[in-house]
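So the structure is just underneath, and the comments pick up after that.
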Amino acid sequence: MATTERRPEIYMGSRIPQPIPTVLRVDPELDDVLTVNFGPNHPSTHGVLRLIVDLHGEHVVGIEAVIGYLHTGFEKTMEHKTWWKCVTYPARVDYVSFQYNELVFVLAVEKLLQLETPRKAVWMRMALGELARIHSHLVYLGTAALEIGAISMFWYCFRERDLVLDLFEMVTGVRMHTRYFQVGGLAEDIPRGFYDEARAFCERMPKAVDEYETILNQNKIWLERTKGVGLLNAEDAIALGQTGPNLRASGVDWDLRKREPYLAYDQVEFDVPVYYGGDVYDRYKVRVDEMRESTKIIAQCVDRLEGMQGEPWIADERKVVLPPREELHTSMESLIHHFKIVTEGYRVPEGEVYVGVESPRGESGCYLVSDGGPKPWRVKFRAPSFAALHATAACMTDAAIADLIAIVGSLDAVMGDVDR
Amino acid sequence: MTYEGVPGLVETREAFGERTLVVDPARIVEACEHLRDDGFILLLDISPTDYLGWGELGVAGYFGTDSGRDLNEPAAQGFARTPDPKPKRFSVSYHLIRLAEGAERVRVQVWLDEDESVASVVPVWPTADWHEREAYDMFGIVFDGHPNLTRILMDADWEGHPLRKDYPLGGEPVRFSEEE
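As you go down the protein sequences, you meet chains A and B in turn.
Here the first sequence is numbered in the working numbering, starting from 28 and rising by one per residue.
Here the second sequence is numbered in the working numbering, starting from 68 and rising by one per residue.
Right, dumping it as structure tokens:
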């Protein structure tokens with residue numbers, strides 16, 4: 028593992044070393060190998076993941092992941108729903124960073140429609156997206172630490188997670204799977220009082236992150252369980268399609284928010300944390316630092332949003348966007364539009380698009396094909412968790428069975444996202 | 068940046084600000100190696116699409132049973148215009164990104180008929196392993212030379228490929244009493 032290079036830079040090599048283990052196979056000359064079934068229902072598998080682990084003593088010598096227990100057929104179902112009904116589904120694909128999946132789908136549909144969203148919606152999407160990032164990292168940190176014995180972290184993290192969900196509830200009426208992003212903008216205006224609550228949260232969150240670090244950074248058990256465990260170098264990470272925190276923990280300075288700014292990420296100040304160890308500890312450090320950066324972004328979004336009082340929150344495109352409720356009582360035209368959109372759905376021009384965004388787990392992508400009708404022809408989600416889980420075998424060098432738990436936790440795969 | 072040198076390049080399309088390179092399926096590995104060495108070192112996704120019944124009324128959002136009973140509202144099927152015909156039944160799109168400033172993206176696409184297969188790109192990008200298994204599982208697309216082309220999301224003994232357009236959403240055919 029090359030850890031000498033300390034300057035953040037983009038990995039520019041073109042030759043990817045071969046072969047990289049995607050499945051760890053048992054050395055046939057090794058005797059006394061015990062094959063253990065791990066999961067699918069195990070408290071430390073982050074959902075329904077099944078691993079078939081070959082053990083030699085305590086050492087993992089072979090591993091195979093069996094996935095699909097949470098395969099729900101979202102992509103098939105969405106082909107049978109009108110575009111506007113589909114918005115409900117993506118949030119349930121990756122149920123931990125729900126808001127970000129909703130965002131990528133809505134952005135893809137808007138790309139096909141070539142629809143501009145008002146700036147208030149853009150900034151609010153950014154604020155909620157970053158809240159979702161904090162939420163996702165809190166769930167990661169709480170559960171990953173819990174799995175290797177640090178139970179107090181779980182309570183601390185879920186305390187702040189509750190505050191994030193309170194904010195979501197305030198804005199959208201529900202705590203998860205909000206369906207707040209609509210094609211064209213937001214479902215409703217931002218409620219009164221949100222800015223104050225969000226500010227209070229932004230003040231509290233950095234202190235909370237300090238607390239987490241106080242608990243873990245000096246903790247001997249935590250350090251020994253995470254440092255130098257689950258190594259993944261930059262070349263392997265790229266060859267295995269890693270994105271997001273897993274890639275940045277391996278020393279690749281790659282963040283779509285900086286490199287291919289969508290929404291208004293080019294107008295906010297934030298840093299991209301990059302670490303070079305490529306181990307479980309660095310994946311933890313990247314995520315903890317990202318929580319701080321996300322808090323900064325939310326504070327900037329709130330500042331900008333406050334200056335946009337009274338501005339529209341959804342595009343004025345009556346063929347796609349539902350008319351305001353009160354107009355239905357007075358305007359025949361609005362009633363017709365409402366009826367057409369709700370029953371038949373709006374039509375999306377023929378074409379294929381791919382949109383990628385930097386979700387908490389890496390590049391979350393959405394590939395859409397439209398035939399010009401009211402339903403998608405094909406929806407495909409590029410799931411960062413799917414790629415992350417694929418890298419498990421490559422991280423297993425000299426790992427013991429107890430490290431396996433730490434490694435799977437640190438890759439932060441959400442099974443809903445893996446199986447779709 | 069030009070793509071003239073990509074082996075087996077059939078057509079370059081630009082739409083919605085995205086570039087699609089249609090490549091001869093027989094030369095997909097060469098094309099991918101060329102692009103990888105050119106800087107597109109990250110394979111993000113392999114997305115197949117089934118175009119069975121593309122542009123025909125009553126097929127978009129096919130909703131029915133094994134025997135083909137169509138439960139769709141006919142009103143929901145009207146097109147503003149007939150979509151452009153597709154060359155073959157399946158397309159397989161490889162989404163690549165260049166890890167450099169600007170994050171240039173490109174979509175490599177091959178077209179396949181039902182009985183055709185395409186070479187596996189696992190030797191080019193190891194991450195293709197699971198993506199190709201998923202494509203095989205969901206669409207029945209065969210990738211020659213794949214180290215372990217088995218089902219990944221569905222059970223090993225599952226019949227059919229769920230994301231194909233001729234695979235019904237309902238799954239189990241309903242038996243009515245008069246048929247017995």
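Beta carbons: idealized from backbone N, C-alpha and C, even for Gly.
**Prompt:** Can you list, in chain order, the residues of the stretch 381-398 of chain A whose Cβ is nearer than 8 Å to any Cβ on chain B?
**Reply:** The stretch 381-398 of chain A vs chain B, Cβ under 8 Å: Tyr381, Gly383, Glu390, Gly392, Tyr394, Val396, Asp398.
**Message:** Can you tell me whether Ala148 (chain A) is helix, strand or coil according to DSSP?
**Reply:** In the structure shown, Ala148 (chain A) sits in a helix (DSSP, three-state: H, G or I).
**Request:** Throw me the rounded Cβ distance for the Val90 (chain B) and Val175 (chain B) pair, which I believe falls under 8 Å.
**Result:** 6 Å
**Item:** Contact check, Ile90 (chain A) vs Val445 (chain A), beta carbons under 8 Å
**Value:** no
**Asked** Does Pro229 (chain B) get closer than 8 Å to chain A when you measure Cβ to Cβ?
**Response** yes
**Request:** Compare the C-beta of Asp91 (chain B) with all C-beta atoms of chain A and state if any pair is closer than 8 Å.
**Result:** no
**Prompt:** Whose C-alpha, out of A:Ala420, A:Met442, A:Arg409, A:Ser397, is nearest the C-alpha of Asp151 (chain B)?
**Reply:** Out of A:Ala420, A:Met442, A:Arg409, A:Ser397, the CA that lies nearest to the CA of Asp151 (chain B) is found in A:Ser397.
**Request:** Using three-state DSSP, classify Gln126 (chain A) as helix, strand or coil.
**Result:** helix
**Prompt:** Three-state secondary structure (DSSP) at Tyr129 (chain B)?
**Reply:** For Tyr129 (chain B), the pLDDT reaches just 39, beneath the cut-off of 50, and the residue's location in the model is therefore unreliable, leaving the point undetermined.
**Message:** Quick check on this structure: which residue in A:Val384, A:Gly400, A:Ala177, A:Met423 has the alpha carbon closest to the alpha carbon of Gln126 (chain A)?
**Reply:** A:Val384
**Asked** Any Cβ of chain B within less than 8 Å of the Cβ of Lys254 (chain A)?
**Response** So, not an interface residue.
**Message:** Less than 8 Å between CB atoms is the rule here; does Ser187 (chain B) satisfy it with respect to chain A?
**Reply:** no
**Message:** Suppose you measure from the CA of Glu377 (chain A) to the CA of Val75 (chain A); what does that come to, to the nearest Å?
**Reply:** 37 Å
**Asked** Taking just the CA atoms, how far does Thr87 (chain B) sit from Thr79 (chain B)?
**Response** 6 Å
**Asked** Going by the beta-carbon positions, is the gap between Gly392 (chain A) and Val131 (chain A) smaller than 8 Å?
**Response** At a Cβ-Cβ threshold of 8 Å, Gly392 (chain A) and Val131 (chain A) count as neighbours.
**Request:** Kindly list the residues whose CB is nearer than 8 Å to the CB of Glu32 (chain A), restricted to its own chain and excluding five residues on each side of it in sequence; keep chain order.
**Result:** Residue confidence for Glu32 (chain A) is low, a pLDDT of 46 falling below 50, so the modelled location carries little weight; the figure read from the coordinates is stated next. Result list for Glu32 (chain A): Gly278, Tyr303, in chain order.
**Message:** Let me see if you follow: with CB-CB separation under 8 Å, is Pro152 (chain B) close to chain A or not?
**Reply:** Pro152 (chain B) does not count as touching chain A.
**Prompt:** At least one CB of chain A closer than 8 Å to the CB of Glu97 (chain B): is that the case?
**Reply:** no
**Message:** Three or more C-beta pairs under 8 Å: does that hold for the stretch 350-360 of chain A against the stretch 166-183 of chain A?
**Reply:** Not touching, per the Cβ criterion.
**Inter-residue Cα distance where the pair is Ile324 (chain A) and Tyr239 (chain A)** = Cα-Cα distance, rounded: 20 Å.
**Assigned exposure category for Pro92 (chain B) - 16 Cβ within 10 Å defines buried** = buried
**Message:** On the criterion of 16 or more Cβ atoms from any shown chain inside 10 Å, does Val80 (chain A) qualify as buried, or is it exposed?
**Reply:** buried
**Request:** Please say whether Val159 (chain B) and Cys99 (chain B) have beta carbons closer to each other than 8 Å?
**Result:** no
**Message:** For Asp58 (chain A), count the other beta carbons within 10 Å of its own beta carbon; 16 or more makes it buried, fewer makes it exposed. Which is it?
**Reply:** exposed
**Prompt:** Of all the options B:Ala195, B:Leu166, B:His213, B:Leu230, which has the alpha carbon lying nearest to the alpha carbon of Asp204 (chain B)?
**Reply:** Cα-wise, what sits closest to Asp204 (chain B) is B:Leu230.
**Request:** Kindly indicate if chain B contains any beta-carbon less than 8 Å away from that of Lys367 (chain A).
**Result:** At least 8 Å separates the CB of Lys367 (chain A) from every CB of chain B.
**Prompt:** Hey, how far is the Cα of Glu157 (chain A) from the Cα of Leu61 (chain A)?
**Reply:** Each residue's Cα considered, the two are about 44 Å apart.
**Asked** Cβ of Asp112 (chain B) less than 8 Å from any chain A Cβ?
**Response** Interface residue (Cβ-Cβ distance to chain A less than 8 Å): Asp112 (chain B) is classified as such.
**Request:** Determine, using beta carbons only, whether Val313 (chain A) and Asp430 (chain A) come nearer to each other than 8 Å.
**Result:** Contact flag unset, no.
**Nearest-angstrom Cβ-Cβ length linking Ile161 (chain A) and Met232 (chain A), presumed shorter than 8 Å** = 7 Å
**Request:** Would you be able to state if there are at least three C-beta pairs under 8 Å between the stretch 357-377 of chain A and the stretch 395-409 of chain A?
**Result:** Result yes; three or more Cβ-Cβ pairs closer than 8 Å.
**Request:** Keeping to the same chain, check which residues put their C-beta closer than 6 Å to that of Val209 (chain B); ignore five residues upstream and five downstream.
**Result:** Ser184
**Prompt:** Can at least three beta-carbon pairs, one atom from the stretch 145-159 of chain A and one from the stretch 407-425 of chain A, be found at a separation below 8 Å?
**Reply:** no
**Message:** Let me confirm a value: Trp178 (chain B) is counted as buried when at least 16 other C-beta atoms fall within 10 Å, else exposed. Which label applies?
**Reply:** Buried: at least 16 other Cβ atoms inside 10 Å.
**Neighbouring residues, chain A, relative to His162 (chain B) (Cβ below 9 Å)** = Against chain A, the beta carbon of His162 (chain B) has neighbours under 9 Å at Tyr381, Gly383, Gly392, Tyr394, Arg409, listed in chain order.
**Item:** C-alpha gap between Ile434 (chain A) and Arg119 (chain A), whole angstroms
**Value:** 25 Å
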